[in-house]
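Residue numbers (our numbering), protein chains in the order written: chain A, 1 to 848; chain B, 849 to 1073; chain C, 1074 to 1162. Each residue gets a CB set at the ideal place from its N, CA and C atoms; glycine is no exception. Report on the structure given below.
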């Protein structure tokens, strides 16, 4: 069953045509056509009728259509997700709650989760991204944790010829001049739309995060053609809370009152969940009729809501708390009831409305932002409402917890809809995927922007200027990365963001401190700020590290291995700052799972995800799934399992940095790094087709290297540590030079070019690279990619010490006016710091 | 000495300011709804988005009950520091000349900046040296300082232009690269960069912001003697 | 009585939002556009229209950098002349 992307608008035709003045909504009997228009299948509709003992009315159908949508019910992914590892010694709260949480010591937990807001962002990028941030923040404080950071993971189409180094003549397209010009014209048009989406999304994230006082400390963005019509906007948030005070969402206590607080309810996003999130989007530009369903966010309202919620929890005034997100009141109330195994009676007439004349079904499915639902013992309702008033937040008692096991929706005295809670939440059918490995490539080759014969120097500058590698400074400068005063490593200072623990505003506290988790080493002075760490003095300051990563193109080449790589990438970034992984969150962004090749991507990806998380002992504590990311004409996105990982390091003062620090320091290449050009950024610039499969990974060896680097960073012997990723060792070296504003003299060693080959067997048709001293071999050595490689600098003895645990190769010295790499036969690749900087700054022109 | 840090609905950096000034003296948060400064010797109006920046940044906050007390306090010579949104509130309240407009680049921008001290004799900078450079981060979208030429000339003559963005650092387009100004009397001072985010090297990258809070303490304690 | 207040940046002060819009329109195919300025609109019901000027001076506009124009809407859509605040002395 495929859905008509244009068909499901703000509300289905039949129910929309009945104004409130005529027959009461409950008398309106929707038809199976309405059900289909709302996104249910025939079979699902029949099942609803069975559960209801008859055809559902308007309110009931609206509620089922949302809760049984892919976005809410995870129909095609739930069975797969159950295979993931979710338990571990640090896990305090696993999947199933508003957010997951891991113990970070001292009675404190870190709550975190990633979520997507892809479809709304493609329609209205500013509000889509902003409300995405708002939604994930609510998930954090809904469990009683104060949000302390946001990260974002974005995907767009190519930004256009202007941003591509050496762009100009289209290399790799048809020879015909007219075709070239047309391609360029199309690309320019696409480029303009991509820039519009990028600009809007970044401004939206900045607007929401900055206004609410939560720092945006990291993120990633990739530009690839398959995301042109289906951009991805994933937002991750972290929070801190006290372990003993975490709140769950299960409604409990029959007779207790349901209180809705926050913004008034309007018509925002009505039907959003099933209309937008589970349907394939139509042509870009043809989404005008989807605009009314986009939610509009107000960070100021949410700031008040956040403080109010945390104070309610601190005062022990509420029994359970849930935020309102996709499918609004329907899903929040139903999920609370389901977890608590109770029933709920709701009266829509009691809900504060922003617009007059809203029908009951509209109230139930509205996605107006900045609202929370709580369960309160009747004796506390007054106090709850008084506290809401202090924070200038609307509140209303709107219902009661019952023992009926049913959701009953009233409009005043009139019952306008009811259903068994179990039917709504738990009995949605789950589907088995039917994976089918594709026999032909799904994705077109990238358009070439670099000559096949380009010399290494030209390739280096082209890579540094390419949209996937160039400095993200023009983006992250639009984010406040320091509010709340915890940020120890800001964007571009290290491979992972680092946040100090110890200075905090745990719920209710005004500056009271966290104790150190390292067993009595002493902690920040109670009641005040931690003392600044002068070199080596004072107790260690524990810290969190966070990274968010995924290279969708590599996952497309090999969903299983590519996903393992994404998880390893996160852990490698954490290792570079000295952090050990505690737990993982994931957002699975894929195309239409009813198609065999997408089902295959999803199944293989989850298989890799599970294996990697088990191997790293970094279990999944929560996440999100976004499916149907396909354009009507453009095909599916690259499979993009975005991974977010949180780790801990014992002393923030020793957090690693990526830039070289001192002229004269030795530089070493560390780890079982086996670079290959297949699916690399250089291969993309050359317009090469995706390979069928990536080299197998020896996870244990990679993990060994990560642990070795982590320990060396913690010991303080390394001046810098940087994970090798896109662009291979040469781009990584350039980044280290730029980070420290210092040059480097590099000699990788004669045997680097001669003896390198892939470390394990490869599957599919990837051929091993045995370079000898060929041009291809040089290119593979310089720019080949793969997991397990690090660049570190420091005193030679410190670097040699690493060699006991993992391969270490000393490759050069910090110093000089630029980067110079010796090649076989007396050749060199070199560029001055000025040239590197100029190339690296290419993205600035995207932001006028 | 005791600092009072104002807390409006929507303030974001008030706890950062609170913790920063606690390195120098005692401090307490002051709720917007009460006209009570709780015996503070100096007031800090912090950064953030008070009232969502609705209408204009600071336009609504300036009428909060606590601001009535702050205005009286300032008119009596009390020290009042406005940081970022706080600077905007003080301009709206007419405790400082000029206005803050949208950045010339129209974007929120966060950057660690170098500032030059143009007046080191005042209540907020006496701990600094003339022409000293301070490394302090700025993060705002409405920070372009504006006053008409006549006003600027008078301010210049009166030593009211206290801090300036170092060459090349002025991203918001402020007139004459102005980063921080005081009133004629010198007891009210506003700046767009955030000194409370430059009080320890670990999280601030510099501790230059402490000098401003230290200067305030010296002023208050000097006045007592 | 329904009133509408239009708030505009004072002439002569840099208006980057206006400039951005002025740059963007031709790129979308709209030629012949110049002198774009971006301001704010406030609409309200008032019992005593005489108070509007005070509201503008005190809250709705910043007279240092903005001009305001009050329009009384009462079916006949009467207009008051655009009003600029004088500079503070």
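ask   = Which of helix, strand or coil does DSSP assign to residue 828 of chain A?
value = strand
query = Going by other Cβ atoms of all chains shown within 10 Å of its Cβ, with 16 needed for buried, is residue 265 of chain A buried or exposed?
reply = buried
ask   = So what does residue 548 of chain A bridge to, in DSSP terms?
value = For residue 548 of chain A, which the question treats as bridged, DSSP gives the partners A:644.
message = Below 9 Å on C-beta distance, what does residue 897 of chain B contact in chain A?
response = 210, 211, 212, 213, 299, 300 and 303
request  = Using three-state DSSP, classify residue 146 of chain A as helix, strand or coil.
outcome  = strand
ask   = Counting pairs of Cβ atoms below 8 Å between the stretch 849–863 of chain B and the stretch 890–899 of chain B, do you hit three or more?
value = Flag = yes, the stretch 849–863 of chain B and the stretch 890–899 of chain B touch.
task = Find the residues of chain B that neighbour residue 1138 of chain C, judging by a C-beta separation of less than 7 Å, and give them in chain order.
result = Proximity of chain B to residue 1138 of chain C at the Cβ level (cut-off 7 Å) is accounted for by 947, 949 and 994, in chain order.
task = Using only alpha-carbon positions, find the residue among A:653, A:564 and A:333 that is nearest to residue 616 of chain A.
result = Distances from the alpha-carbon of residue 616 of chain A to those of A:653, A:564 and A:333 put A:564 closest.
task = Under 6 Å Cβ to Cβ from residue 207 of chain A, same chain only, skipping five residues before and after it: list those, please.
result = 130
request  = Output the distance between the C-alpha atoms of residue 1134 of chain C and residue 1140 of chain C, rounded to the nearest integer angstrom.
outcome  = 7 Å
task = Look at the alpha carbon of residue 218 of chain A and the alpha carbon of residue 1075 of chain C, and state the distance between them as a whole number of angstroms.
result = 48 Å
ask   = Alpha carbon to alpha carbon, how far is residue 1033 of chain B from residue 1007 of chain B?
value = 10 Å
task = Could you please give me the residues that DSSP links to residue 916 of chain B through a beta bridge?
result = As computed with DSSP, residue 916 of chain B is found in no beta bridge at all.
CB of residue 83 of chain A within 7 Å of CB of residue 610 of chain A, strictly = yes
query = Quick one: Cα of residue 877 of chain B to Cα of residue 866 of chain B, how far?
reply = Those two C-alpha atoms are separated by around 7 Å.
inquiry  = Taking 8 Å as the cut-off, does the stretch 579–591 of chain A touch the stretch 249–265 of chain A (at least 3 CB pairs, one atom from each stretch)?
reply    = no
key: Separation of residue 422 of chain A from residue 338 of chain A, as counted between CA atoms   = 6 Å
query = Which residue spans inside the stretch 406–432 of chain A form an unbroken alpha helix (DSSP H) run of at least 4?
reply = 421–425
task = List the whole-angstrom C-beta distance separating residue 132 of chain A from residue 622 of chain A, where the pair is believed to meet the contact cut-off of C-beta under 8 Å.
result = 16 Å between Cβ atoms; not a contact.
inquiry  = Could you check whether residue 493 of chain A and residue 955 of chain B sit closer than 7 Å to each other, using their CB atoms as the reference points?
reply    = no
ask   = Since residue 110 of chain A sits in a beta bridge, which residues does DSSP pair it with?
value = According to DSSP, which records beta bridges pairwise, residue 110 of chain A is partnered with A:102 and A:240.
inquiry  = Between residue 487 of chain A and chain B, is the shortest Cβ-Cβ distance under 7 Å, so that the two count as touching?
reply    = Residue-level contact by beta carbon holds for residue 487 of chain A and chain B, with a gap shorter than 7 Å.
ask   = Quick one: which chain C residues come within Cβ less than 7 Å of residue 952 of chain B?
value = Per Cβ cutoff of 7 Å: 1087 and 1089.
task = Kindly indicate the opening and closing residues of the beta strand (DSSP E) around residue 605 of chain A.
result = Run containing residue 605 of chain A: none in the beta strand (DSSP E); it sits in the alpha helix (DSSP H), 596–616.
ask   = If you pair each beta-carbon of the stretch 318–328 of chain A with each one of the stretch 360–374 of chain A, do three or more pairs fall below 8 Å?
value = yes
query = Can you tell me the Cα-Cα spacing of residue 885 of chain B and residue 916 of chain B, whole angstroms?
reply = If you draw a straight line from the Cα of residue 885 of chain B to the Cα of residue 916 of chain B, it is about 10 Å long.
message = Just to confirm the assignment: which complete alpha helix (DSSP H) runs, minimum length 4, are found wholly within the stretch 1102–1147 of chain C?
response = 1125–1128
key: Endpoints, beta strand (DSSP E) assigned at residue 931 of chain B   = Segment 927–931, the beta strand (DSSP E) holding residue 931 of chain B.
key: Any chain A beta carbon closer than 7 Å to residue 880 of chain B   = Taking 7 Å as the threshold, the shortest C-beta distance from residue 880 of chain B to chain A does not fall below it.
inquiry  = Any beta carbon of chain A sitting closer than 7 Å to that of residue 975 of chain B?
reply    = no
ask   = Considering only residues of the same chain and omitting the five flanking positions on each side of residue 349 of chain A, which have a CB-CB separation below 6 Å?
value = 411 and 412
request  = State buried or exposed for residue 1118 of chain C, treating a residue as buried only when at least 16 other CB atoms are found within 10 Å of its CB.
outcome  = exposed
query = So, are the CB atoms of residue 676 of chain A and residue 786 of chain A less than 7 Å apart?
reply = yes
query = Three-state secondary structure (DSSP) at residue 1064 of chain B?
reply = helix
request  = Note the first and the last residue of the continuous beta strand (DSSP E) segment covering residue 374 of chain A.
outcome  = 371–376
Rounded straight-line distance, which links the Cα of residue 104 of chain A to that of residue 90 of chain A = 8 Å
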